[in-house]
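Some notes on the structure that comes next.
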Amino acid sequence: MNNQNEIQVSRSKLENATAKSKRLPAALWALTISAFGIGTTEFVIVGLLPTVASDLGISIPSAGLLVSLYAIGVAIGAPVLTALTGKIPRKILLIAIMMLFVIGNGLATIAPGFITLILARILTGFAHGVYFSIGSTIAASLVPEEKRATAISIMFSGLTVAIVTGVPLGTFIGQHFGWRATFIGVAILGIIGLIASMILVPKNLQKGKTASLKQQVKVLANKRLIFAFLMTAMGYGGTFVVFTYLSPILQEITGFKESVVTIILLVYGIAIALGNLIGGKAANKNPLKVLLWIFAAQGLILLAFYFTVSSPVLSIITLFFLGALSFATVPGLQLLVVQIAEKELPGTEDVASGINIAAFNIGIAIGSYTGGLAVTSALGLGSTPWIGTLFLLITVFITLYSIRLNKNK
0 MNNQNEIQVS RSKLENATAK SKRLPAALWA LTISAFGIGT TEFVIVGLLP
50 TVASDLGISI PSAGLLVSLY AIGVAIGAPV LTALTGKIPR KILLIAIMML
100 FVIGNGLATI APGFITLILA RILTGFAHGV YFSIGSTIAA SLVPEEKRAT
150 AISIMFSGLT VAIVTGVPLG TFIGQHFGWR ATFIGVAILG IIGLIASMIL
200 VPKNLQKGKT ASLKQQVKVL ANKRLIFAFL MTAMGYGGTF VVFTYLSPIL
250 QEITGFKESV VTIILLVYGI AIALGNLIGG KAANKNPLKV LLWIFAAQGL
300 ILLAFYFTVS SPVLSIITLF FLGALSFATV PGLQLLVVQI AEKELPGTED
350 VASGINIAAF NIGIAIGSYT GGLAVTSALG LGSTPWIGTL FLLITVFITL
400 YSIRLNKNK
């Protein structure tokens with residue numbers, strides 16, 4: 000009888016342990032909440048470009064620098080600051096990052112002119128770079144190995160949900176109450192993320208290791224990692240040639256009113272959120288193969304947008320598919336970089352992840368700047384989709400070569 004009771008108790012404990020293992024850790028949701036705030040401040044400027052340009056008396060391509068220079072701040076912050084903060088306990092670092100985020104957005108709300116606003120964006124970009132760099136590795140460490148891409152996609156879903164809700168809402172607020180009101184709202188989101196990190200993130204997170212200059216050089220000298228970084232940069236360069244100027248494209252070429260553009264940004268954001276989750280699940284086993292197909296499909300849809308942009312109905316349909324594909328590659332690219340670093344350069348996962356975040360934002364900076372050049376040239380706004388397609392074509396060739404390198408290993 001006692002043996003039966005012991006068996007039942009053991010079975011009950013096993014069932015409870017299994018149930019707990021299936022639950023997502025609370026810390027993952029804290030990361031997602033903060034990612035929502037950071038994602039909102041990064042992308043809301045896309046919907047506000049015409050408003051900011053009009054208020055500050057600058058051109059739309061000049062306002063586009065608020066996208067590209069923010070991205071440069073992220074690109075610097077991700078590898079450099081991630082390495083410099085390696086000895087700081089992860090929870091303390093997360094809290095410090097969110098405090099910097101709140102300060103940066105607070106400065107944006109009181110910026111007297113364009114230069115001050117740019118400095119505020121760069122400062123916030125620093126926080127963004129470190130956050131997503133260490134956030135990816137923390138998210139991956141919180142779950143079993145087979146769920147790592149899913150965990151990363153859930154964390155990044157905060158960023159994509161920001162595009163679904165934060166960007167349209169922020170755009171609406173900016174159009175009706177001024178762009179400074181939008182940044183006040185974003186600062187409040189940062190405070191919520193800060194409180195969530197303080198409450199939900201455990202103290203016993205694995206402490207990061209400070210990466211030496213030698214380690215960073217090793218990461219940048221690794222052939223497989225270099226091509227992974229190139230895939231990231233070129234893929235997102237192609238996306239942001241169009242995305243940066245999506246609001247003026249829809250108003251000036253497609254003919255939508257300003258209020259309708261806000262709704263379209265909502266639809267676009269929903270597509271991005273779906274694509275991110277689907278891409279995360281698909282990339283769990285073989286990220287390279289999945290990335291190849293996504294990049295190829297994204298290039299085709301970008302090319303299609305060049306022909307459908309003048310049609311209100313067809314442009315919305317095309318944008319939905321474009322949104323789904325644009326961010327479906329995020330978890331796969333992050334997982335690929337972490338896997339390569341683990342296999343070839345153990346101990347450099349944080350650095351590699353940070354450099355990949357930098358690559359994302361170098362791509363954003365290059366894409367938005369290239370789009371700005373096209374807009375101010377004889378090519379005009381209408382040329383941005385086919386220019387983005389060229390970026391994706393190059394990305395497909397890079398991915399094919401990466402697959403070949405992987406087979407030779």
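If you read the sequence shown in numbering that gives the first Met the number 0, its first letter stands for residue 0, the second for the next number, and so on.
Quick reminder that beta carbons are idealized off the backbone N, C-alpha and C, glycines included.
From the listed residues Gly169, Val166 and Leu27, the smallest Cα separation to Ala148 is found for Leu27. A direct Cα-Cα distance of roughly 10 Å separates Thr164 from Gly38.
If one requires a minimum length of 4 residues, the alpha helix (DSSP H) runs lying completely within the segment 86-127 are 89-108, in chain order. Between the alpha carbons of Phe182 and Tyr69 lies a gap of roughly 14 Å. For Phe255, no alpha helix (DSSP H) encloses it, and the DSSP letter there is neither H nor E. In the structure shown, Asn405 adopts helical secondary structure according to DSSP, grouped into three states.
Judged by their CB atoms, Val166 and Val51 are not nearer to each other than the 7 Å cut-off. Between Ile397 and Leu290, the gap from beta carbon to beta carbon reaches 7 Å or more. It is roughly 13 Å from the alpha-carbon of Phe326 to the alpha-carbon of Ile151. Three or more Cβ pairs drawn from the segment 82-94 and the segment 115-135 lie within less than 8 Å of each other, which places the two stretches in contact. Taking a cut-off of 8 Å for Cβ pairs, the segment 370-378 and the segment 91-105 do not touch, as fewer than three such pairs fall below it.
Taking C-beta atoms as the reference points, Ala232 and Gly274 fail to come closer than 7 Å.
For Ser309, the three-state secondary structure derived from DSSP is coil. By the Cβ neighbour-count rule, Arg403 is exposed, with fewer than 16 other Cβ atoms within 10 Å of its own. If you ignore the 5 residues before and after Val241, its C-beta comes within less than 6 Å of the C-beta of Thr383, Pro384 and Gly387, all in its own chain and listed in chain order. The alpha-carbon separation between Ile356 and Lys256 amounts to approximately 35 Å. Listed in chain order, the alpha helix (DSSP H) elements of length 4 or more contained wholly in the segment 344-387 are 348-375. At least 7 Å separates the beta-carbon of Ala186 from that of Val260. Counting along the chain, the unbroken alpha helix (DSSP H) around Ile75 starts and ends at Leu64 to Ile75. About 5 Å separates the CB atoms of Ile248 and Leu380; that is less than 8 Å, so the two are in contact. Going by DSSP, Gln174 is part of the alpha helix (DSSP H) stretching over Val166 to Phe176. Only buried fits Thr81, as 16 or more other CB atoms lie within 10 angstroms of its CB. Of the candidates Thr31, Lys406 and Leu392, the residue whose Cα lies closest to the Cα of Leu199 is Thr31. In chain order, Gly63, Val66, Ser67, Phe239 and Thr243 place their CB closer than 6 Å to the CB of Ser367, counting only its own chain and leaving out the 5 sequence neighbours on each side. When rounded, the separation of the alpha-carbon atoms in Tyr235 and Ile354 is 14 Å. Per the C-alpha coordinates, the member of Phe306, Pro143, Thr123 and Val266 positioned closest to Gly76 is Thr123.
If you check the CB distance, Phe155 and Val329 come in under 7 Å.
Collapsing the DSSP output to three states places Tyr267 in a helix.
Note that the C-beta distance between Ala270 and Phe319 is below 7 Å.
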